[in-house]
Amino acid sequence: MPSSSMVTTDPLNARPQVFGTPTEIAPGLFLHPAFVNSYACATPAGLLLVDPGLGVSSKGLQQAVRGWSDAPLTAAVYTHGHADHAFGLSAFLRAGDRPQIIAQENCPRRFARYQLTHGWNARINQRQFSLAEPIFPDRFDWPTLTFRDSLVQRFGDLEVQFHAAKGETDDHCWVWIPERRFLFTGDLIIWMAPNCGNPQKVQRYPMEWAAALEEMAALDAEWLCPGHGLVVHGADAVRRVLTDTARYLRVIVDQVLIRMNAGETPEAIFHAVEPDPELAARPYLGAYYDHPKFIVRNLLRLWGGWWNGNAGDLLPATHERQAAEIAALAGGVEALVRRGRERLAAGELELAAHLAEWATRADAASRAAQELKRDVYDGRWQAEGSLMAKGIYRAAANDARSALGEEPLPAAVTMSFGTENA
Numbered sequence: 000m001p002s003s004s005m006v007t008t009d010p011l012n013a014r015p016q017v018f019g020t021p022t023e024i025a026p027g028l029f030l031h032p033a034f035v036n037s038y039a040c041a042t043p044a045g046l047l048l049v050d051p052g053l054g055v056s057s058k059g060l061q062q063a064v065r066g067w068s069d070a071p072l073t074a075a076v077y078t079h080g081h082a083d084h085a086f087g088l089s090a091f092l093r094a095g096d097r098p099q100i101i102a103q104e105n106c107p108r109r110f111a112r113y114q115l116t117h118g119w120n121a122r123i124n125q126r127q128f129s130l131a132e133p134i135f136p137d138r139f140d141w142p143t144l145t146f147r148d149s150l151v152q153r154f155g156d157l158e159v160q161f162h163a164a165k166g167e168t169d170d171h172c173w174v175w176i177p178e179r180r181f182l183f184t185g186d187l188i189i190w191m192a193p194n195c196g197n198p199q200k201v202q203r204y205p206m207e208w209a210a211a212l213e214e215m216a217a218l219d220a221e222w223l224c225p226g227h228g229l230v231v232h233g234a235d236a237v238r239r240v241l242t243d244t245a246r247y248l249r250v251i252v253d254q255v256l257i258r259m260n261a262g263e264t265p266e267a268i269f270h271a272v273e274p275d276p277e278l279a280a281r282p283y284l285g286a287y288y289d290h291p292k293f294i295v296r297n298l299l300r301l302w303g304g305w306w307n308g309n310a311g312d313l314l315p316a317t318h319e320r321q322a323a324e325i326a327a328l329a330g331g332v333e334a335l336v337r338r339g340r341e342r343l344a345a346g347e348l349e350l351a352a353h354l355a356e357w358a359t360r361a362d363a364a365s366r367a368a369q370e371l372k373r374d375v376y377d378g379r380w381q382a383e384g385s386l387m388a389k390g391i392y393r394a395a396a397n398d399a400r401s402a403l404g405e406e407p408l409p410a411a412v413t414m415s416f417g418t419e420n421a
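Everything in the sequence shown is counted per numbering that gives the first Met the number 0, starting at 0 for the first residue and increasing by one.
Printed below as a string of structure tokens:
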């Protein structure tokens, strides 16, 4: 029976967490939970490190692993190339380890894109995580061995399988050690609703994600080691988490396909599709990070392009010109602000946000309009459960504060993605 607070045998009644005490959770398996889960697995040929994590956590990870084992680091695998999974090898390399670095073949292309769009991604991170400044890694430990669909390696007499998947990224992989029944899922399981929509990031793949989860569910794994959150122990519990997450995605996918094929507009589909309420109530499927409506948008982009179905938006006037016209029809910016205050007082935050945007875009110098925008988005970010939406709303509130000469809200997240602080 596992004793770590980061391991559960009863996921339906578990209390999720992402930070914990580094510990051996099973014979030969060490967990370092520091927002992202990093795993060291003892093999006859040395250690296999699954997801070295954040750059800022590298030294702590290396010290924790070395406190557990002095075996050589033979290999490291990136389950995908995100900044919180693939940037924590530096302390091991400085200490003299020279592991083989394994990743799916799209990972180097991801790193090349990160170099190409560094400033863009830094600003996305600032907005998404409510950071004090733009931050994104610019140093990479490149894979030394890549694979397309699958890879089997032997570490002594221990077989380790690597399988490609598409999900949160196009370079995802999951790792299976049949003899020990260890399954490492990366961010295909994160103890929240799948991060499969993110409005500020590149395409995600809900159908392929569900298929990968179903393939893993058929393995009869005893240990599910996710990219974030609790490790799940017990074959029945593992299967439940995998199949529930797959079904959560398939319910959304199926609704979108039916409505798209019936000719409904993207906006009608967005408002109509909802997740399965029973699944959404699971401790491991709460919409605290991404939002199910963003998954709908992502599927519409995947299968239907970027046009939203409104012909006026195909080759539109600028938002500022549109807002000026709306303000003129309303009787001036003051009328928009007055109406926005009424909607805000009534708790109709969605409508109040539209009115605040029209008012500030029609007259960015209007103090009343910027105050409305500030107050509306303060209300929106505080009412929102999804971190993705919360970050955008906080950024909008801070834009209004900047226009008013006020101090921004303090940073909500202190984690510096990919920055070497030690």
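Glycine included, C-beta positions come from ideal geometry on N, C-alpha and C. All values reported here derive from a predicted model rather than from experimental measurement.
Q) Where DSSP assigns a beta bridge to Gln152, which residues make up the other side? A) Within the sequence shown, residue 152 is the residue found at index 153, counting from 1. Per DSSP, the beta bridge partners of Gln152 are Val159.
Q. Got a sec? Which residues, its chain only, sit under 8 Å from Arg93 by beta carbon, not counting five neighbours each side?
A. The residue labelled residue 93 in the question sits at position 94 within the sequence shown. For Arg93, where only same-chain residues beyond five positions count, there are no Cβ hits under 8 Å.
**Q.** 7 Å CB neighbourhood of Asn309 in its chain, flanking five on each side removed
**A.** By 1-based counting over the sequence shown, the position of residue 309 is 310. Around Asn309, the same chain offers no residue with a beta carbon nearer than 7 Å, after the five sequence neighbours per side are excluded.
Q: Whole angstroms is fine: what's the gap from Gly185's alpha carbon to His227's?
A: The residue given as residue 185 occupies position 186 in the sequence shown. The residue given as residue 227 occupies position 228 in the sequence shown. Taking the straight line joining both Cα atoms gives about 8 Å.
Q. Sorted by chain position, which residues of the same chain lie with C-beta nearer than 6 Å to Ile422's C-beta, five sequence neighbours on each side aside?
A. Lying before the first or after the last residue shown, residue 422 is absent from the chain, which here runs from 0 to 421.
(Q) Please report the straight-line C-alpha distance between Ala164 and Ala402, rounded to a whole angstrom. (A) The residue given as residue 164 occupies position 165 in the sequence shown. The residue given as residue 402 occupies position 403 in the sequence shown. If I take the Cα positions, the gap works out to 44 Å.
**Q.** Boundaries of the beta strand (DSSP E) in which Ile100 is found, first to last residue
**A.** Numbered from 1 along the sequence shown, position 101 holds the residue referred to as residue 100. Note, Ile100: beta strand (DSSP E), Gln99 to Gln103.
Q) Using 8 Å as the Cβ pair cut-off and three pairs as the minimum, do the stretch 371-386 and the stretch 335-342 touch? A) Result yes; three or more Cβ-Cβ pairs closer than 8 Å.
Q.
Taking the alpha carbon of Thr145 as the reference point, which residue from His79, Phe181 and Ile134 has its own alpha carbon closest?
A. Taking the first residue of the sequence shown as position 1, residue 145 is located at position 146. For Thr145, the nearest C-alpha among the options comes from His79.
Q) With a Cβ-Cβ cutoff of 8 Å, do Phe293 and Met387 count as a contact? A) For the purposes of this step, residue 293 is taken as residue 294 along the sequence shown, with counting starting at 1. For the purposes of this step, residue 387 is taken as residue 388 along the sequence shown, with counting starting at 1. Annotated as proximal: Phe293 and Met387, with beta-carbon spacing under 8 Å.
Q) Comparing alpha-carbon positions, which option in Ile188, Leu335, Trp222 and Gly66 lies nearest Pro282? A) Residue mapping note: residue 282 aligns to position 283 of the sequence shown, counting from 1. Per the Cα distances, Ile188.
Q: For my contact list, Pro51 and Ala75 are in at a C-beta cut-off of 8 Å; report their separation, rounded to the angstrom.
A: Against the sequence shown, residue 51 aligns to sequence position 52. Against the sequence shown, residue 75 aligns to sequence position 76. Rounded, the Cβ-Cβ distance is 6 Å, consistent with contact.
Q.
Just to confirm my understanding: we take Gln152, look at its own chain, exclude 5 residues before and 5 after, and list those with CB closer than 6 Å. What are they?
A. Numbered from 1 along the sequence shown, position 153 holds the residue referred to as residue 152. Val159.
Q. Do you know how far the Cα of Val231 is from the Cα of Ala13?
A. Along the sequence shown, one-based indexing puts residue 13 at 14. Along the sequence shown, one-based indexing puts residue 231 at 232. Each residue's CA atom was taken as its position, placing Ala13 and Val231 some 10 Å apart.
Q: Assuming Ala39 contacts Ser3 (C-beta within less than 8 Å), just tell me the rounded distance between them.
A: In the sequence shown, counting from the first residue as 1, residue 39 sits at position 40. In the sequence shown, counting from the first residue as 1, residue 3 sits at position 4. In this structure, Ala39 and Ser3 do not form a Cβ contact; the two beta carbons are roughly 14 Å apart against a cut-off of 8 Å.
Q: Go through its chain and collect everything with a Cβ distance to Gly390's Cβ below 7 Å, but skip five positions before and after it.
A: As a first step, residue 390 must be located in the sequence shown, where it is residue number 391. Cβ within range, chain order: Arg126, Gln127, Phe128 and Ser129.
Q | Residue from Pro71, Arg320, Gln381 and Trp357 whose Cα sits closest to the Cα of Gly45 | A | Within the sequence shown, residue 45 is the residue found at index 46, counting from 1. Minimum Cα distance to Gly45 is reached at Pro71.
Q: Report, in whole angstroms, the separation of the C-beta atoms of Leu157 and Thr7, which I expect to be a contact under 8 Å.
A: Counting from 1 along the sequence shown, the entry for residue 157 is found at position 158. Counting from 1 along the sequence shown, the entry for residue 7 is found at position 8. In fact, because the Cβ distance is near 26 Å, the residues do not count as touching under 8 Å.
Q) Can you name the residues that DSSP bridges to His31? A) As a position in the sequence shown, residue 31 is number 32, starting the count at 1. Residue pairing by DSSP places His31 opposite Ser37 in a beta bridge.
Q | Through-space distance from Gly87 to Gly417, alpha-carbon basis | A | If you number the sequence shown from 1, residue 417 lands on position 418. If you number the sequence shown from 1, residue 87 lands on position 88. With a pLDDT of 34 at Gly417, under the threshold of 50, the modelled position of that residue is not reliable, and the figure given next carries that caveat. Our two residues, Gly417 and Gly87, have alpha carbons roughly 8 Å apart in a direct line.
Q: Name the residue from Leu229, Phe139 and Ser385 whose alpha carbon lies nearest to the alpha carbon of Tyr288.
A: Looking up residue 288 in the sequence shown gives position 289. Shortest Cα-Cα distance from Tyr288 to any of Leu229, Phe139 and Ser385 involves Ser385.
Q.
Could you check whether the stretch 29-36 touches the stretch 198-213, counting it as contact only if at least three pairs of C-beta atoms, one from each stretch, sit closer than 8 Å?
A. With the cut-off at 8 Å, the stretch 29-36 and the stretch 198-213 do not touch.
**Q.** Close Cβ partners of His117 (< 8 Å) along its chain, the five nearest in sequence each way excluded
**A.** Start at 1 with the first residue of the sequence shown, and residue 117 comes out as number 118. Hits under 8 Å: Phe135 and Asp137.
**Q.** His171: first and last residue of the uninterrupted alpha helix (DSSP H) it sits in
**A.** Reading the sequence shown from its first residue, position 172 is the one you call residue 171. Not the alpha helix (DSSP H): His171 falls in the beta strand (DSSP E), residues His171 to Ile176.
Q: Measure the C-alpha to C-alpha separation of Ala327 and Thr244 and round it to an integer number of angstroms.
A: By one-based count along the sequence shown, residue 327 stands at place 328. By one-based count along the sequence shown, residue 244 stands at place 245. Rounded to the nearest angstrom, the gap between the Cα atoms of Ala327 and Thr244 is 49 Å.
Q: Could you check if Thr168 is buried or exposed, using at least 16 other CB atoms within 10 Å of its CB as the buried criterion?
A: Looking up residue 168 in the sequence shown gives position 169. A buried status is given to Thr168, since no fewer than 16 other beta-carbon atoms sit within 10 Å of its beta-carbon.
Q. Given Ala428, which residues of its chain have a CB within under 7 Å of its CB, disregarding the five upstream and five downstream residues?
A. Absent from the structure is residue 428, since the part of the chain shown begins at 0 and ends at 421.
**Q.** C-beta atoms of Tyr247 and Leu278 nearer than 8 Å
**A.** Taking the first residue of the sequence shown as position 1, residue 247 is located at position 248. Taking the first residue of the sequence shown as position 1, residue 278 is located at position 279. Yes.
Q: Taking only the alpha-carbon atoms, compute the straight-line gap between Gly330 and Arg379 and give it to the nearest angstrom.
A: Counted from its first residue, the sequence shown places residue 330 at position 331. Counted from its first residue, the sequence shown places residue 379 at position 380. Cα to Cα, Gly330 sits roughly 26 Å from Arg379.
**Q.** Status (buried if at least 16 other CB within 10 Å, exposed otherwise) for Leu53
**A.** By one-based count along the sequence shown, residue 53 stands at place 54. Classification of Leu53: buried, given that the 10 Å Cβ count is 16 or more.
Q) What do you get for Val201, buried or exposed, if any count of 16 or more other CB atoms within 10 angstroms of its CB means buried? A) The count along the sequence shown starts at 1 and reaches residue 201 at position 202. Around the beta carbon of Val201, fewer than 16 other beta carbons lie within 10 angstroms, which makes this residue exposed.
Q) Quick one, which of Leu218, Ala234 and His290 has its alpha-carbon nearest Ile251's? A) Counting from 1 along the sequence shown, the entry for residue 251 is found at position 252. Out of Leu218, Ala234 and His290, the CA that lies nearest to the CA of Ile251 is found in His290.
Q | Cβ-Cβ distance between Pro26 and Ala236 below 8 Å | A | Locating residue 26 in the sequence shown gives position 27, counting from the first residue. Locating residue 236 in the sequence shown gives position 237, counting from the first residue. When the beta-carbon positions are compared, Pro26 and Ala236 stay at least 8 Å from each other.
Q. Does the distance from the C-beta atom of Leu30 to that of Phe154 stay below 8 Å?
A. Within the sequence shown, numbered from 1, the residue matching residue 30 stands at position 31. Within the sequence shown, numbered from 1, the residue matching residue 154 stands at position 155. No, the pair does not count as a contact, with Cβ atoms beyond the cut-off.
Q | Phe183 and Trp190 closer than 8 Å at C-beta | A | Here the question's residue 183 lines up with position 184 in the sequence shown. Here the question's residue 190 lines up with position 191 in the sequence shown. At the C-beta level, Phe183 and Trp190 stay beyond 8 Å of one another.
**Q.** Euclidean distance between Cα positions of His171 and Leu150
**A.** The sequence position of residue 171 within the sequence shown is 172, counting from 1. The sequence position of residue 150 within the sequence shown is 151, counting from 1. Straight-line Cα distance between these residues: approximately 13 Å.
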